[in-house]
Structure formats: structure tokens, C-alpha cells
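So the structure is just underneath, and the comments pick up after that.
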Amino acid sequence: MSHPVTPWYKQFWPWLLLGLLFTSITASSTLAVMAVRTADGMVQEDYYEHGRAINMVLAKQERAAELGLTASLRIDPLTSDVVLDLEGGESFPEKLDFELIFPTQDDRDIELVLEHVRDGRYLGQAPDNLRYRWYLQLQPSVDEPEWRLVGEARFPDEEAVRLTPGRAAPGDDS
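Going by the UniProt record's numbering, the sequence shown opens with residue 1, and the numbers climb by one from there.
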């Protein structure tokens with residue numbers, strides 16, 4: 001007694017195998033299109049020049065250490081007033097460039113200019129509702145700054161943040 005032979009397209013297993021194949025092709029094609037169309041914000045286009053600039057950044061921070069510079073920073077969570085006290089050094093520049101660098105999205109970075117009011121105290125205005133973790137950079141507001149102080153903070157915070165001639169923050173480029 002022979003069993004009738006059913007054609008392959010009426011069997012379960014060929015369709016299961018073909019379904020897995022088509023699913024993997026569709027998923028990999030979708031991921032390939034997404035990879036080509038979306039930019040990777042973490043990879044810089046000028047990574048070679050960025051790597052060469054690290055030595056200049058380290059030299060600026062070493063110069064800040066030689067001058068004995070440190071700073072205490074406070075950003076008021078209600079008014080967003082920036083108060084910075086610069087300590088050490090022989091003279092105080094009229095203006096300081098202060099950068100808040102967001103760790104993962106460079107389009108969220110913020111640059112402020114702080115004005116000298118008296119005896120190493122600088123004032124400025126930050127944007128409202130400053131939140132999350134930020135890398136901080138402070139340097140004189142000139143074409144070729146001689147020194148740089150760096151730090152890290154999480155906002156909103158009532159406590160003062162210390163800026164020192166420490167390690168370079170990710171995202172340094174000059």
C-alpha cells in the first residue's frame with residue numbers, strides 16, 4: 001500500500017525554511033538601510049586632526065597646573081546664574097570661555113562667556129532647566145588660550161563644582 005505523495009509546496013518544512021530565509025533578508029536589509037541613512041554622532045570626521053590636538057590640550061592643562069589655577073563653579077538651579085571663582089594665577093582675564101559639553105550629543109553643547117566682576121569672580125547666565133551630566137571646560141576668552149581647566153558635573157545641583165587642570169574631557173578639539 002503506497003501513500004500518496006504530496007507536492008513540496010503543500011509541505012510545512014519548506015515554507016518554514018523559506019520564511020526564516022526571507023525574514024533574515026528583510027531584517028538585514030532594513031538594518032543596512034538604517035546604517036547608511038543615519039549618521040553616527042559619536043565618530044568625528046576629523047578624527048586624525050582631533051588626535052593630534054590632544055597634545056595641545058594637555059599642554060594647556062599643564063600650564064594651568066603650573067600657574068596653580070583652580071575654579072569653583074555654581075549654577076543656581078532656579079535662576080540659572082553662573083558664579084565662578086577663579087583661584088591662583090597672577091592676573092585675571094576680563095572674560096572666560098565656559099563650555100558645557102554633553103557626553104553623547106554634540107548638538108547639545110553650550111558655550112558661555114563669563115564676565116570678570118572682581119577679584120577672580122566671574123558671572124554669566126546659563127540656559128534654564130539645565131539637566132543631566134556634563135563635561136565642563138574653562139579657558140581665557142582669547143584666540144590662543146594659554147591654559148584650560150576641566151571638570152564634570154550633574155545638574156541641577158546646589159553644590160559647587162571644582163574645575164581643575166585634570167584630564168581632557170571627551171569632545172575636546174582644541
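Where a beta carbon is used, it is the ideal one built from N, C-alpha and C, also for glycine.
Q.
What does the Cβ neighbour count give for residue 247, buried or exposed, with the cut at 16 atoms within 10 Å?
A. Past the edges of the chain, shown from 1 to 174, lies residue 247, and the structure says nothing about it.
Q) With a CB to CB cut of under 8 Å and the five nearest residues on each side skipped, what residues in its chain are close to GLN125? A) Here residue 125 corresponds to residue number 125 of the sequence shown, with the count starting at 1. For GLN125, where only same-chain residues beyond five positions count, the Cβ hits under 8 Å are SER80, ASP81, VAL82 and LEU112.
Q.
Could you compute how far the alpha carbon of VAL161 sits from the alpha carbon of ALA71?
A. By 1-based counting over the sequence shown, the position of residue 161 is 161. By 1-based counting over the sequence shown, the position of residue 71 is 71. Cα to Cα, VAL161 sits roughly 8 Å from ALA71.
Q: Within 10 angstroms of the Cβ of ALA59, are there 16 or more other Cβ atoms? Answer buried if so, exposed if not.
A: If you number the sequence shown from 1, residue 59 lands on position 59. Classification of ALA59: exposed, given that the 10 Å Cβ count is below 16.
(Q) Alpha carbons only, please: which of LEU18, ASN129, ASP106 and LEU20 is nearest the one belonging to TYR135? (A) Taking the sequence shown and counting its residues from 1, the one referred to as residue 135 is at position 135. Considering only alpha carbons, the answer is ASP106.
Q) Hey, does ARG37 have any beta-carbon neighbour from chain C nearer than 8 Å? A) Here chain C cannot be found, since the structure has a single protein chain.
**Q.** Endpoints, alpha helix (DSSP H) assigned at GLY19
**A.** To locate residue 19, count along the sequence shown from 1; it is residue 19. It spans 12-37 - the alpha helix (DSSP H) in which GLY19 sits, taken as one unbroken run.
(Q) With H, G and I counted as helix, E and B as strand and the rest as coil, what does DSSP make of ARG148? (A) To locate residue 148, count along the sequence shown from 1; it is residue 148. Here ARG148 sits in coil by DSSP.
(Q) I need the boundaries of the beta strand (DSSP E) containing THR70, first residue and last residue. (A) As a first step, residue 70 is located in the sequence shown; it is residue number 70 there, counting from the start. Secondary structure note for THR70: its beta strand (DSSP E) is the uninterrupted segment 70-75.
Q | When PRO103, PRO127, PRO93 and HIS3 are compared against ARG133, the one with the closest alpha-carbon | A | Position 133 of the sequence shown, counted from the first residue, corresponds to residue 133. Closest by C-alpha distance to ARG133, out of PRO103, PRO127, PRO93 and HIS3, is PRO103.
Q: Take GLU90 as the anchor and find which of GLU62, GLY68 and GLN61 has the nearest alpha-carbon.
A: On the sequence shown, position 90 is the one that residue 90 refers to. When only C-alpha atoms are compared, the closest one is GLY68.
Q: Since I believe ALA65 is in contact with PRO165 (beta carbons under 8 Å), could you give me their beta-carbon distance rounded to a whole number of angstroms?
A: Here residue 165 is taken as the residue at index 165 of the sequence shown, counted from 1. Here residue 65 is taken as the residue at index 65 of the sequence shown, counted from 1. The pair is a contact, with the Cβ atoms about 4 Å apart (cut-off 8 Å).
Q.
Assuming VAL102 is part of the beta strand (DSSP E), what are its boundary residues?
A. As a first step, residue 102 is located in the sequence shown; it is residue number 102 there, counting from the start. The question names Val, but residue 102 is Phe in the sequence shown. Note, PHE102: premise wrong, no beta strand (DSSP E); not H, not E.
**Q.** Length of the line joining the Cα atoms of ARG131 and PHE155
**A.** Taking the first residue of the sequence shown as 1, we reach residue 131 at position 131. Taking the first residue of the sequence shown as 1, we reach residue 155 at position 155. Spanning the two alpha carbons is a distance of roughly 5 Å.
Q.
Quick check on DSSP: helix, strand or coil for ALA153?
A. Counting from one through the sequence shown, the residue named residue 153 turns up at place 153. Strand.
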